[in-house]
Structures are given as C-alpha cells and as structure tokens.
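Participant: Encoded as structure tokens, here's the structure I'll be asking about.
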Amino acid sequence: MTDAAHRLGAWSFTLSAAGDVEHLAFDGREVLRGLQFVVRDDAWGTIAGDREVAEVPRALADVEGTPGARFEATGSYGFPEGRAESVATLVVTPTELRYEVDVRVTGTVLTNRIGFVALHPLTLAGAPVEVRHGDGSTEVSAFPRLVSPHQPFLDLAGLAHPLPGAAGTTVDIAFEGEVFESEDQRNWSDASFKSYSRPLALPYPYELADGDLVRQAVTVRVSSTPAADETRAPDAVVRDDEGVSVAVAAGWAAPVERPRVGVMLGPDDLALGAAGRDQLIEALGVDHLRVDVEAAGDRLGGGEALARVASWPVELVVHLGPRPGEALGRLAALLREHRVRLSSVLLFDLEHPATRSEALDALRGALGTLLEGVPVAVGSDDNLAELSRNAPATVDDGGLSFALNPQVHDRRDRAVLETVEALPAMIETARSLAPAGTPIGIGALTLRPRRVIYRPGPIDRLGRDDDSVDPRQHGDFAAAWLVATLAALAAAGVDSVTAFELTGPRGVVLPGTARGGSGVPDEVGISDLVPSPAGVVLPGTARGGSGGSDEADIADLALSPAGAALAAFAGARRLGTPVVDLATDIAALPLEAPGGRSVLVANLAPRDRTIVVAGVAHPFSPYQTRLLPEGPTT
Numbered sequence: 001m002t003d004a005a006h007r008l009g010a011w012s013f014t015l016s017a018a019g020d021v022e023h024l025a026f027d028g029r030e031v032l033r034g035l036q037f038v039v040r041d042d043a044w045g046t047i048a049g050d051r052e053v054a055e056v057p058r059a060l061a062d063v064e065g066t067p068g069a070r071f072e073a074t075g076s077y078g079f080p081e082g083r084a085e086s087v088a089t090l091v092v093t094p095t096e097l098r099y100e101v102d103v104r105v106t107g108t109v110l111t112n113r114i115g116f117v118a119l120h121p122l123t124l125a126g127a128p129v130e131v132r133h134g135d136g137s138t139e140v141s142a143f144p145r146l147v148s149p150h151q152p153f154l155d156l157a158g159l160a161h162p163l164p165g166a167a168g169t170t171v172d173i174a175f176e177g178e179v180f181e182s183e184d185q186r187n188w189s190d191a192s193f194k195s196y197s198r199p200l201a202l203p204y205p206y207e208l209a210d211g212d213l214v215r216q217a218v219t220v221r222v223s224s225t226p227a228a229d230e231t232r233a234p235d236a237v238v239r240d241d242e243g244v245s246v247a248v249a250a251g252w253a254a255p256v257e258r259p260r261v262g263v264m265l266g267p268d269d270l271a272l273g274a275a276g277r278d279q280l281i282e283a284l285g286v287d288h289l290r291v292d293v294e295a296a297g298d299r300l301g302g303g304e305a306l307a308r309v310a311s312w313p314v315e316l317v318v319h320l321g322p323r324p325g326e327a328l329g330r331l332a333a334l335l336r337e338h339r340v341r342l343s344s345v346l347l348f349d350l351e352h353p354a355t356r357s358e359a360l361d362a363l364r365g366a367l368g369t370l371l372e373g374v375p376v377a378v379g380s381d382d383n384l385a386e387l388s389r390n391a392p393a394t395v396d397d398g399g400l401s402f403a404l405n406p407q408v409h410d411r412r413d414r415a416v417l418e419t420v421e422a423l424p425a426m427i428e429t430a431r432s433l434a435p436a437g438t439p440i441g442i443g444a445l446t447l448r449p450r451r452v453i454y455r456p457g458p459i460d461r462l463g464r465d466d467d468s469v470d471p472r473q474h475g476d477f478a479a480a481w482l483v484a485t486l487a488a489l490a491a492a493g494v495d496s497v498t499a500f501e502l503t504g505p506r507g508v509v510l511p512g513t514a515r516g517g518s519g520v521p522d523e524v525g526i527s528d529l530v531p532s533p534a535g536v537v538l539p540g541t542a543r544g545g546s547g548g549s550d551e552a553d554i555a556d557l558a559l560s561p562a563g564a565a566l567a568a569f570a571g572a573r574r575l576g577t578p579v580v581d582l583a584t585d586i587a588a589l590p591l592e593a594p595g596g597r598s599v600l601v602a603n604l605a606p607r608d609r610t611i612v613v614a615g616v617a618h619p620f621s622p623y624q625t626r627l628l629p630e631g632p633t634t
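Sequential numbering of the sequence shown, starting at 1, is according to full-length UniProt numbering.
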C-alpha cells in the first residue's frame, strides 16, 4: 500500500504506507498533525521495520451498521537480540477515530520507546485545554505560546480542547495502555506538540523480555454544540493541489536590512585549493566564514584552518573544554600570526549544553585585545532545547546563538518544510532568555543534524557524523527548504544566519565540480536565473559576470541550487516582506541589491505549477527555486 488520502464523512487524512495517520482534519480543520506508532532503539533512533497496511474490504456499515472504514496493519522490527511484532487496527466512524496496537516481543528488546505518539498542530499554541490524569482527576491548562523547555503536560490519560477555527466544536483525545505526557517539539523545530508514552522520568533504555506484550490505543472524538454550524469560522485556505496559478506579491512597505549571512568551513574544505576556495567564497558573497576550534587542556583542535582563511572575515567558533588556558594561548598566537579578521566569535562549552559564565571569562582573559570591537555570542551549538533549558547567566555583546535543523524527528519532505511554522515562536523564545534588544543568531543551519547528541559518549564537534548527510543536499528540495527557512527567520528578525558548508556532502557546491571540472554545467538547479554581484539577473551563470564568460568567472566551481539561493540572499542589502505560506506552498524573499529588486521564489510543492510575480506567470517544476526580476529600485 502506498500513501493514500481518505475522506470519510467530515474526516480527512492521509494514511501512509507505514500506517501513520497524517494531517487528520475534521470539516477541513486540522485535529492532529499526525498519529504514529513508533519503535525506537536505545539511542532514540527509529527502527522503520517491515510494515504492511490494508483496508478491510467491507465498509463498517455492512458489518456494524455504522458508516466508516477499517484498516489493519502489521509490522516486524529487528533488534540486536530480539524482535517486536505489531498488529494494529484503525477504525474511523462519523465522529470518532480509534487506533489500537498490540506488540509482542520475541527474544530481548532494548528500547527507549515503543508506542503511539500524537502530534498536535501549532494552531493550538495558547489555546485552553482540559488535561485528564491517570487517577481520573482533571485540570485546566493551556498549550504553551512560547516554546516550553520542559513537558507542559504530565501523567496524561487524555486531553480535551476546542477545535481551532470551529466555534462550539471540541476535540477529545484518550490514551490507553500506558501513562502519556506531552512535550513541545518546537524545541527541535518540529511544527507540533507531541503526546507520547513512556514518561521520560522513568529509566531508559528499558528492556522487554521474550513474550512481553505492549498494548496501546488512542481514540480521537469530535463533538459539536447545536449552534456550532452557525458560528463556524470561514473555511481554511484550500491547498493548490491542481497546480493552478498562484500569485506572490512582493511587499516593500517596510524594508529591512538583511541579516548577516555566512557559510561554514567543513571537514572537506581544507583540501580545496586556495584559489578555488577564495573563488567560491567570493561567488557566494557571504559576510563571514565560520571556523570551529576546540580548546581543552593543551590541545587546540582545528587551529590549522585559520591560516587558510585569514583573508576573509571569520566567525570564530570556540568550543571550550576543561583547563583551556594553554590551548587558548595557542589560539591567540595563531590569530596574531595570521592576522585573522574576526567578524564575530561564538563561544560554546564542551562540558555543558550551553555557555557558562566561567567559559566567557576564560576566553576574554586569554584573547584580550584580540576581541576589541568583536561581538562575542554565547548559547548552544545544538538545539533550542539545550539553550532554553540551560540559559546562559551572562550574555555578551554578540547575543545568543543556537543551531537549527529540520530533521531531529522526521525526514519526510512535508515534515521538513513544515518546520518553518515553528520558527517565529522559537526566535521569540530565544529573545525571552536575554535582555531586550539582544541579537539572536542561528550559528549553524543545516538540512540534517550535524551530530547525534543524545547518545552516550563523547561528541566530535569538528568532524562529521555518518548520519549527518542528506541525499537531497544538492538538489532542488534543499534550496526550497532553505528559502522558506530564511524567509521565516528574516520575518522573525534574526540578526545572523550561518548555513551549510562550502564543499562536500553538506556543502553548496555540486558534486564533482569542486576540483578539476571543466566549467559550469548547463543546469545549476536554480532554473536559469541567478544574481550577479551587480544585481543584474543573468541567464545560465552560477555567479555574475558578462554573461558570456562563465568559465572565466567560475573556473571549475558550480553552485548547487541551495548554494545559488544562498548567494542570491547574500547579494541583497535589504529585504522586503518575506512570504512563507504552506497553504499555497510558496516561499518568497523580496531582495534589493544595488542594481535592482528581485524576488527569490520557492515552489514548496512536489509538482509542476505556475507562480505569478509582478504580473508575469512563471512555470515552476517540483521544489524549484527561481530568482525573478521585479524592476528597478526607486
């Protein structure tokens, strides 16, 4: 069975090939972003297993006299010393959806979670909710508006809340078989609140023995008052599923300065020749190059990179370990020897999730006058969760920084794009952790997590984890996600963003073109329009120039679609009003460069469509990003 959309009475949802219920809606209003049965290993990795889903041929009306449908699913999940076998049933009736599962273990299974997770949509942020506990008691609460660092609802047997956009309609969700609790997944940029079982306060991983049975069920009910139909809000925006034309209006009523933008120096980038590296940085037009070093004891890791990039503005990221005095002394000597142009410094703590005050004191004491006029930011090199749960007591002049990626929990295209919905609250939450006016930066924006931080053992802050590479990195999808994310971050008012690496599997150069190529390929993945340094839109080039000397301008480097989008963003001095609209699957960034205005538009849909900009219709292929002219500046 493949993913299939279903409409059953007022219910609509997609049932995935794995048996997950996605985008569950009632009368067009989202009830759940997802209802999933998950199997995790002992390091929170997902075990996909082998799953089969089938719809029971006869409708429930033929069996029970009730309109609806029934689906059955089986699954088999392998562990190092055992297996888990699941049998699940999904039943949908006019006002109820019930999903139940039995899981039988053979051998021994070591896991952090086996069971259901319910994903509540972000339209509930700030909404009232009645929480039912395991002992039968209830309390009135609310879904958090800002990102909650810890679980907002504990000891959970059920939730009841209004259905957003449908006055008089209530959603009731009951959990059976285990104690559930809820977390705010915006901590990791997911666009949902998640209710899940087994409470995190219990020991994990935990062991299931041969013959053990896990049995759970989730029931979703919708009820309406008699007046609900008369007071119902207008229908939500209908998705552009047929590929008809949609329009983008570039707003310039209140233009703002573009956030500072940079790119990271990755593990592959030191192998790139100086000429090629300089040419690539120039082609990108970014404000800074991020260079990471580790300073612990007498060891300075990564310091050799400073000599290679001394001619460019550097955002120096210092990961400080125990007793760093000698290593910091070596760092200071390298900075002086190579006359490194520091544009900013990010300070992180190797032994703590976020920067401690003593780390800041050690850095300033060792680097002294080298930091004069250089903003120093503190925070976390990981997720907002690590920052908000361990907010630094001292915030320096560079502000707060944290890292961002859209795939801590879900790798599917749609889930990755939906993370942009979480970004406004994430940035507002970060601002709430520091005095008013504190700059907020995204220290590392990547398509995949750069490392696994929730597994026991040391964390390599300078290398590359095997699971940190996404096969979509050099394709159109990465560019579409990047444009949507930059638009959401710009709208939220971030001060700086550092995205991707220069080369390699996490970089912005097309594979096979970083060295020894024969010029720019005919297709660079951002349609036929990319910006030149002068702001003129030229066909067929990955950088600027005269339009007839691609090879002279680019030599043997060709930007990926995401690289070209990043260069377009970096080439602007001011931004108009960003657009991020998942209802119509469009993201747009109005850009103002010295020579004119343009609009960087991303098709967030996996299909061909037409998008109208400045009165002109433009064809877009799936996930395509294009830089389109809007006219001269006034």
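The C-beta atom is built at its ideal place from N, Cα and C for all residues, glycine as well.
Since this is a predicted model, take the numbers as computed values, not measurements.
1. Starting from Thr610, trace the beta strand (DSSP E) in both directions and tell me its first and last residue.
2. What number of angstroms, rounded off, separates the C-alpha of Leu35 from the C-alpha of Asp184?
3. According to DSSP, is Asn187 part of a helix, a strand, or is it coil?
4. Within 10 Å of its beta-carbon, does Glu52 have 16 or more other beta-carbons around it, so buried, or fewer, so exposed?
5. I need the DSSP call for Asp381, collapsed to helix, strand or coil.
6. For Ala564, write down the residues that DSSP places opposite it in a beta bridge.
7. With DSSP as the reference, label Asp427 as helix, strand or coil.
8. Compare the C-alpha of Leu462 against each of Arg450, Val246, Pro456, Arg472 and name the closest.
9. Give the DSSP bridge partners of Phe620, in chain order.
10. For Val524 and Leu284, I'd like the C-alpha separation in whole angstroms.
11. I'd like the list of long-range same chain contacts for Val314, defined as Cβ closer than 7 Å, with 5 residues on each side in sequence excluded.
12. If you run the structure through DSSP and keep just helix, strand and coil, what is Ala327?
13. Measure from the alpha carbon of Leu363 to the alpha carbon of each residue in Asn383, Asn390, Pro322, then state which is nearest.
14. Starting from Leu591, follow the alpha helix (DSSP H) in both directions and report where the run begins and ends.
15. List, from N- to C-terminal side, the alpha helix (DSSP H) runs of 4 residues or more that fit wholly inside the stretch 382-457.
16. Please state whether DSSP places Phe143 in a helix, a strand or coil.
17. When you compare the stretch 566-581 with the stretch 462-475, are there three or more beta-carbon pairs, one atom per stretch, that lie closer than 8 Å?
18. Nearest by alpha-carbon distance to Thr93: which of Asp397, Val222, Arg215 is it?
19. Rounded C-beta distance between Phe116 and Leu90? I'm assuming under 8 Å.
20. Does the stretch 597-613 come close enough to the stretch 621-630 that 3 or more CB-CB pairs lie under 8 Å?
21. How big is the Cα-Cα spacing for Val374 and Leu154?
22. Rounded to whole angstroms, what is the Cα-Cα separation between Glu630 and Gly45?
23. Considering Asp476, what are the terminal residues of the alpha helix (DSSP H) in which it resides?
24. Return the residue from the list Ala614, Val378, Leu346 that minimises the CA-CA distance to Ala393.
25. In this structure, how does DSSP classify Asp20 when only helix, strand and coil are distinguished?
26. Can you look up Arg198 in the DSSP assignment and give me helix, strand or coil?
27. Are the beta-carbon atoms of Ser496 and Arg260 separated by less than 8 Å?
28. Which of the three DSSP states, helix, strand or coil, is assigned to Asp292?
29. Restricting to Cα atoms, I'd like to know which of Thr498, Ala201, Leu331 is closest to Ala296.
30. Per DSSP, what are the beta-bridge partners of Leu213 in this structure?
31. So is Val101 in contact with chain B if we call contact Cβ pairs under 8 Å?
32. Straight-line CA distance for Pro594 to Thr14?
33. I'd like to check one pair, Glu428 with Leu146: are the Cβ atoms closer than 8 Å?
34. Buried or exposed: which applies to Ala587, given that a residue is buried once 16 or more other Cβ atoms fall within 10 Å of its Cβ?
35. Measuring CA to CA, which of Pro152, Pro144, Leu159 is closest to Gly136?
36. Starting from Ile459, trace the beta strand (DSSP E) both ways and give me its first and last residue.
Facilitator: Result, derived from the coordinates:
1. 609-613
2. 16 Å
3. helix
4. Exposed is the call here.
5. coil
6. Note: Ala564 sits in no beta bridge, so no partner.
7. Here residue 427 turns out to be Ile, not Asp, going by the sequence shown. DSSP places Ile427 in helix when its eight states are reduced to three.
8. The candidate whose alpha carbon is nearest that of Leu462 is Arg450.
9. Answer is Arg609.
10. With a pLDDT of 34 at Val524, under the threshold of 50, the modelled position of that residue is not reliable, and the figure given next carries that caveat. Each residue's Cα considered, the two are about 14 Å apart.
11. His288, Leu289, Val291, Val340, Arg341, Leu342, Ser343
12. helix
13. Pro322
14. DSSP places Leu591 outside any alpha helix (DSSP H); the residue lies instead in the beta strand (DSSP E), whose first and last residues are 586-593.
15. 384-389, 413-418, 423-432
16. coil
17. no
18. Val222
19. Contact flag wrong, Cβ pair sits at about 11 Å.
20. yes
21. Each residue's alpha carbon lies about 44 Å from the other.
22. Roughly 46 Å separates the two Cα atoms.
23. In the DSSP assignment, Asp476 falls within the alpha helix (DSSP H) that extends over 476-492.
24. Val378
25. coil
26. coil
27. yes
28. strand
29. Leu331
30. Arg104
31. Here chain B cannot be found, since the structure has a single protein chain.
32. 47 Å
33. yes
34. buried
35. Leu159
36. In this chain, Ile459 is not harboured by any beta strand (DSSP E), its DSSP state being neither H nor E.
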